[in-house]
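A.B. asks: Just so we're aligned, residue 866 is where the sequence shown starts under my numbering, counting upward by one. Every residue, glycine too, gets a C-beta built ideally from N, C-alpha and C. Have a look at the structure that comes next, please.
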Amino acid sequence: MAERKTSKKKKSKKRKSKKKGTPEPAALVIGAGVGGMRAALDIAESGRKVYLLDRSPKVGGTAS
């Protein structure tokens, strides 16, 4: 019977803890069309701060 080799994976490095007062990264979504609004919503639901920009004062892109 052949011996079965077990591979030992290296443990991943632990992330350094964040310093107090370090801001979470934010996201910038350019274009407030249907796709841009969906992307901004998905990012916001993940807990990040989102900035949504559009050249028009109305949102919705060509769908509005």
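For the beta strand (DSSP E) containing Val899, list its first residue and its last residue.
C.D. replies: As a first step, residue 899 must be located in the sequence shown, where it is residue number 34. Note, Val899: premise wrong, no beta strand (DSSP E); alpha helix (DSSP H) at 899-910.
A.B. asks: Could you tell me the boundaries of the beta strand (DSSP E) in which Ala892 lies?
C.D. replies: Counted from its first residue, the sequence shown places residue 892 at position 27. Per DSSP, Ala892 belongs to the beta strand (DSSP E) from 892-895.
A.B. asks: Could you tell me the alpha carbon to alpha carbon distance between Gly901 and Gly886, rounded to whole angstroms?
C.D. replies: Along the sequence shown, one-based indexing puts residue 901 at 36. Along the sequence shown, one-based indexing puts residue 886 at 21. Rounded to whole angstroms, Gly901 to Gly886 spans 30 Å at the Cα level.
A.B. asks: With the cut-off set at 9 Å, would you say Ala891 and Lys923 are in Cβ contact?
C.D. replies: Position 26 of the sequence shown, counted from the start, is the residue given in the question as residue 891. Position 58 of the sequence shown, counted from the start, is the residue given in the question as residue 923. Not closer than 9 Å, so no.
A.B. asks: Would you give the residue range spanned by the beta strand (DSSP E) that Val915 belongs to?
C.D. replies: Here residue 915 refers to the residue found at position 50 when the sequence shown is read from its first residue. Counting along the chain, the beta strand (DSSP E) containing Val915 begins and ends at 915-918.
A.B. asks: Please name the residue in Leu893, Ala897, Arg903, Glu889 whose C-alpha comes closest to that of Ser929.
C.D. replies: Counting from one through the sequence shown, the residue named residue 929 turns up at place 64. Comparing Cα positions, the closest option is Ala897.
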